[in-house]
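Sequential numbering from 1 applies to the sequence shown in full-length UniProt numbering.
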Amino acid sequence: MTYNFNEIIQRDNTNSLKYDFANRCGKPEGLLPLWVADMDFKTPGPVVEALVEKSKHGIFGYSESGQDYFFVLKDWFKTNFEWDIRPDWLVKTPGVVYAIATAIRGMTVKGDGILIQQPVYYPFSEIIRINERKLVVNQLVYEKGRYTIDFADFENKIIANDVKLFILCNPHNPVGRVWTREELTRLGDICLKHQVTVISDEIHQDFIYPGHQHLVFADLKPEFLKISITCTAPTKTFNLAGLQISNIFIKDRELRKKFVDEMTKSGYNELNVMGIVACTAAYSQGREWLNELRTYLVGNLDFVRRFLSEKLPQIKLVEPEGTYLVWLDFNELGLSEKELEDLVINKAGLWLDEGIMFGAGGEGFQRINIASPRVILEQALTQLEQAINNG
Numbered sequence: 001m002t003y004n005f006n007e008i009i010q011r012d013n014t015n016s017l018k019y020d021f022a023n024r025c026g027k028p029e030g031l032l033p034l035w036v037a038d039m040d041f042k043t044p045g046p047v048v049e050a051l052v053e054k055s056k057h058g059i060f061g062y063s064e065s066g067q068d069y070f071f072v073l074k075d076w077f078k079t080n081f082e083w084d085i086r087p088d089w090l091v092k093t094p095g096v097v098y099a100i101a102t103a104i105r106g107m108t109v110k111g112d113g114i115l116i117q118q119p120v121y122y123p124f125s126e127i128i129r130i131n132e133r134k135l136v137v138n139q140l141v142y143e144k145g146r147y148t149i150d151f152a153d154f155e156n157k158i159i160a161n162d163v164k165l166f167i168l169c170n171p172h173n174p175v176g177r178v179w180t181r182e183e184l185t186r187l188g189d190i191c192l193k194h195q196v197t198v199i200s201d202e203i204h205q206d207f208i209y210p211g212h213q214h215l216v217f218a219d220l221k222p223e224f225l226k227i228s229i230t231c232t233a234p235t236k237t238f239n240l241a242g243l244q245i246s247n248i249f250i251k252d253r254e255l256r257k258k259f260v261d262e263m264t265k266s267g268y269n270e271l272n273v274m275g276i277v278a279c280t281a282a283y284s285q286g287r288e289w290l291n292e293l294r295t296y297l298v299g300n301l302d303f304v305r306r307f308l309s310e311k312l313p314q315i316k317l318v319e320p321e322g323t324y325l326v327w328l329d330f331n332e333l334g335l336s337e338k339e340l341e342d343l344v345i346n347k348a349g350l351w352l353d354e355g356i357m358f359g360a361g362g363e364g365f366q367r368i369n370i371a372s373p374r375v376i377l378e379q380a381l382t383q384l385e386q387a388i389n390n391g
């Protein structure tokens with residue numbers, strides 16, 4: 001490999017949320033952190049070089065992206081997903097969660113029903129509640145180690161709660177599903193039937209495991225494009241979250257106007273100039289790095305799979321089809337949520353994401369981020385093994 005993903009990079013005392021703020025996040029100091037979706041790998045060299053060159057220029061004034069930025073996006077989505085985007089669809093925001101919150105406020109009013117599929121990325125429920133909308137849950141069905149959708153319940157929940165907005169997570173975080181064409185089409189057809197707008201969070205779209213394919217929801221049918229707000233970003237892909245840049249695509253003029261008007265209300269106008277630079281460099285020059293990273297992550301997943309099978313068979317790996325966030329089933333241990341938390345944090349010394357954070361169906365699960373050098377993964381799993389064996 002050209003890139004060394006085994007390199008251990010010191011991240012303590014770098015103002016890293018992942019490493020430096022355990023107490024602020026309600027955790028004891030000294031835990032090995034494999035929680036938030038933040039990789040322990042350096043971003044691609046060309047991105048770093050582009051940021052350095054911009055820094056040398058020495059002026060960081062109000063900034064906007066030009067045509068070159070859009071053309072880089074256009075090439076990325078066409079090459080990777082066979083999706084033809086247009087300039088007028090693009091709205092740039094500082095992050096996908098910000099974009100979802102903006103859409104919630106812009107497309108609904110207080111009390112409106114918004115549907116999500118738990119267990120799912122926990123900010124979804126947080127921003128629904130804090131904006132005083134009604135949280136509606138279509139819980140995913142977990143059987144024989146795999147998650148599926150209860151479509152009858154999905155439609156019934158929409159009807160019973162007069163749902164206005166559905167937040168789709170694809171690839172799904174944390175359960176790792178990459179929804180198929182059939183599944184996405186059934187969801188979309190139901191939403192069309194009941195005039196439900198779809199926010200499609202596709203931020204993990206660049207991490208798909210062999211044998212699976214990411215499909216852009218909005219691109220499956222012309223009718224879906226008209227009801228879709230597609231949320232993407234280079235931040236998960238290239239470890240750029242701190243630079244705050246995301247690309248939101250809204251074809252329908254009325255939906256886009258509502259979204260932009262709500263952004264204006266929040267006072268957000270100009271982009272982070274370094275985000276523009278980083279996104280442009282990443283999408284135009286980061287492909288080799290990403291391809292090698294994907295290979296490395298496949299190796300990490302193989303390592304986790306083998307380790308659990310050989311040394312911790314009571315912990316079940318929910319096989320991911322996408323993302324570098326792995327969902328682990330601890331239910332066979334027969335522990336209460338408090339006991340499971342004690343095991344992971346106090347006995348194993350690990351900082352993972354508790355399954356209950358993700359809502360209904362998260363009980364007895366933990367989410368682990370495998371985007372770290374393999375030796376760190378080995379250390380984490382060994383600590384877990386020792387904690388379980390020592391009772």
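A virtual CB, placed ideally from N, CA and C, is assigned to each residue, including glycine.
All figures in this text were calculated on a predicted structure; none of them were measured in a lab.
**Report entry** For Tyr69, the nearest candidate out of Asn269, Gly211, Ile368, Gln285 (CA to CA)
**Finding:** Gln285
query = The alpha helix (DSSP H) spanning Phe249 covers which residue range?
reply = Not the alpha helix (DSSP H): Phe249 falls in the beta strand (DSSP E), residues 246-249.
Burial state of Lys110 (16 or more Cβ within 10 Å)
exposed
Would you say Ile100 and Ile114 are within 7 Å of each other, going by their C-beta atoms? no
May I ask you to verify whether the region 83-90 touches the region 57-64, counting CB pairs closer than 8 Å and requiring at least 3?
no
- Message: If contacts are defined as beta-carbon pairs under 8 Å, then Ile370 and Leu297 qualify, I think. What distance do you get, rounded to the angstrom?
- Response: 7 Å
**Prompt:** Got a sec, what are the start and stop residues for the beta strand (DSSP E) Arg181 sits in?
**Reply:** Where Arg181 is concerned, there is no enclosing beta strand (DSSP E), although the alpha helix (DSSP H) it sits in stretches over 181-193.
> What are the boundary residues of the alpha helix (DSSP H) that includes Gly299?
Replying inline: 287-311
Original post:
Under 7 Å between the Cβ atoms of Trp327 and Phe365?
Top reply: yes
TODO: Work out the CA separation of Pro320 and Gly242 for me, nearest whole Å.
DONE: 26 Å
query: Which same chain residues, not among the five before or five after residue 394, have their C-beta less than 8 Å away from its C-beta?
result: Because the chain here runs from 1 to 391, residue 394 falls outside it and cannot be looked at.
Quiz prompt | Closest Cα partner of Thr43 within the set Ile345, Asn390, Phe358, Glu288 | solution = Glu288
| request: Return the CA-CA distance between Leu308 and Leu333, expressed in angstroms with no decimal places. | output: 13 Å
- Task: Identify every run of the alpha helix (DSSP H) within the region 139-170, keeping only runs that are complete inside it and at least 4 residues long; order them along the chain.
- Result: 151-161
Practice task
Note down, in chain order, each residue of its chain lying with its Cβ closer than 8 Å to the Cβ of Ile345, except the 5 sequence neighbours on either side.
Solution key: Lys27, Pro28, Leu31, Trp351
### Task
Please name the residue, chosen from Leu34, Asn331, Gly211, Glu223, that lies closest to Leu313 on a Cα-to-Cα basis.
In the sequence under discussion, the amino acid at residue 313 is Pro, which differs from the Leu named in the question. The residue with the shortest Cα to Cα distance from Pro313 is Asn331.
Task: Per-residue DSSP class, three states only, for Asp342 - done: helix
* Asked: Pick from Gly359, Val178, Pro373, Thr280: whose alpha carbon is nearest that of Glu49?
  -> Thr280
Under the rule that 16 or more other beta-carbon atoms within 10 Å means buried, what is Thr197, buried or exposed? buried
Could you check where the beta strand (DSSP E) with Ile229 kicks off and where it finishes? 228-232
From this set, Ser125, Tyr142, Tyr62, Glu254, which residue's C-alpha is nearest Gly106's C-alpha?
-> Glu254
Name the residue from Ile388, Gln386, Phe71, Phe77 whose alpha carbon lies nearest to the alpha carbon of Ala218.
-> Phe77
*Give the straight-line distance between the Cα atoms of Ser16 and Val163, rounded to the nearest whole angstrom.*
38 Å
| said: The beta strand (DSSP E) that contains Phe365, what's its start and end? | reply: 365-369
With a threshold of 8 Å, are at least 3 pairs of Cβ atoms found where one atom belongs to the region 179-197 and the other to the region 380-390? no
* Which of the three DSSP states, helix, strand or coil, is assigned to Val137? -> strand
For the candidate residues Gly275, Cys231, Ile250, whose alpha-carbon lies nearest to that of Lys54? Gly275
inquiry  = Determine whether the beta carbon atoms of His204 and Pro174 lie at a separation below 7 Å.
reply    = no
Val175 (DSSP reduced to helix, strand or coil): coil
_Among Gln117, Glu182, Glu126, Thr108, whose alpha-carbon lies nearest the alpha-carbon of Phe154?_
Gln117
Work out the CA separation of Thr185 and Glu223 for me, nearest whole Å.
11 Å
Indicate the three-state DSSP secondary structure (helix, strand or coil) for Ser55 in the structure shown. helix
Reduced DSSP category for Ser372 - H, G, I as helix; E, B as strand; rest coil
coil
Go ahead and label Val273 buried or exposed: buried means 16 or more other beta carbons lie within 10 angstroms of its beta carbon, across all protein chains shown. buried
#### Entry: Residue range of the beta strand (DSSP E) that includes Trp327
325-329
Measure the CB-CB distance between residue 405 and Lys251 and report whether it falls below 7 Å. Residue 405 lies beyond the range of the chain shown here (1 to 391); nothing can be said about it.
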